[in-house]
Amino acid sequence: MSALQRFENKLEEVISTVFARTFRSAVQPIEISAALNREIDNSAQILSRDRRLVPNSFHVELSPPDHERLSQLGDQLVDELTTMLEDHAARQSYLFTGPLSIELEMSEDLPTGRFRVRSQSLSSVRPGAGRPEVRPTDTEVRRAAAVLVVNGERLPLNPPGIVVGRGNDADLRIDDPGVSRRHIEVRVVETASGPRVSVADLGSTNGMVVDGRRVTQATLADGSTIRIGNTTMTLRQVAPTAGG
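For what it's worth, my numbering labels the leading residue of the sequence shown as 5, then goes sequentially.
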């Protein structure tokens, strides 16, 4: 046998071994479940001796082959992972910040058998008692003096402003255990140069952080962030529209 033939045979053996290893190391649902459990264990924040807050939104990034294979299981896989994660959270006395969500995503940079888990806390946001739970229209957003962006939702702000908190009497309710019933007031005042937006703490338990600083009140600019509990809100000024 020539050296070239021996090289070709060795290469074929290596390739076969790699393919076999790749097949054996394909991501299994039980591995994802264990990783989700570890993610909330590592992210838990202590609220009290018996209550710890954990993220509720999870993105599982998979290689294209693993994503294609696991996606064939449909909603059943996500349902099983959700049930397992809820059971683990219950055993550990964990409290989710909002509705639990698990999504499988494809990532081109991952090889077969490797995956990543990303998590974040997304509290549910809704109007206070007596206010219609209707998503604002694009026209309402454009006509607003400013916009408050919470968990991807654009909420119009108009004078005199809104009270944000966890209680039913808040104008904007955030189901976040770290948020007080009446946590902050976002105030909007029309001036000759445009709307002036400020925020004031209403004597909350955990306070607020504006643009990275813990304060009790502050004037807001376009892009300013307000963090209360585990929820971050961003102020966006709305450019005036012609004729409107």
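We put the beta carbon where it would ideally sit given N, CA and C, even for glycine.
- If you check the CB distance, Ser75 and Ser111 do not come in under 8 Å.
- Residue range Pro33 to Ser47 is occupied by the alpha helix (DSSP H) that includes Ser47.
- Contact between Val201 and Val192 holds: their C-beta atoms lie close to 5 Å from each other, under 8 Å.
- Straight-line measurement puts the Cα of Ile50 at about 32 Å from the Cα of Val31.
- Per DSSP, the unbroken beta strand (DSSP E) holding Glu189 starts and ends at Ile188 to Thr195.
- As the crow flies, the alpha-carbon of Val168 is around 17 Å from that of Gly102.
- Around the beta carbon of Ala93, 16 or more other beta carbons sit within 10 angstroms, so the residue counts as buried.
- Glu65: member of the beta strand (DSSP E) spanning Ser61 to Leu66, first to last residue.
- Here Asp205 is buried: its Cβ has 16 or more other Cβ atoms, across all protein chains shown, within 10 Å.
- Short of 7 Å from the beta carbon of Ala148, and not among the five residues preceding or following it, lie these beta carbons of its own chain, in chain order: Pro160, Leu161, Asn162 and Val242.
- Thr209 has its alpha-carbon roughly 23 Å from the corresponding atom of Asn60.
- DSSP places Leu114 in no alpha helix (DSSP H); its state is neither H nor E.
- Counting along the chain, Asp79 sits inside the alpha helix (DSSP H) bounded by residues Asp79 to Arg95.
- In the displayed model, Leu57 falls within a strand according to three-state DSSP.
- One Cα belongs to Val153, the other to Asp175, and the distance between them is close to 15 Å.
- In this structure, the beta-carbon distance from Val64 to Phe119 falls below 8 Å.
- Under the DSSP definition of a beta bridge, Pro181 lacks any partner.
- Following the DSSP letters along the chain, one finds Thr229 inside the beta strand (DSSP E) bounded by residues Thr229 to Ile232.
- In the DSSP annotation of this structure, the continuous segment of the beta strand (DSSP E) that includes Gln221 starts and ends at Gln221 to Leu224.
- In the three-state DSSP reduction, Arg200 falls in the strand class (E or B).
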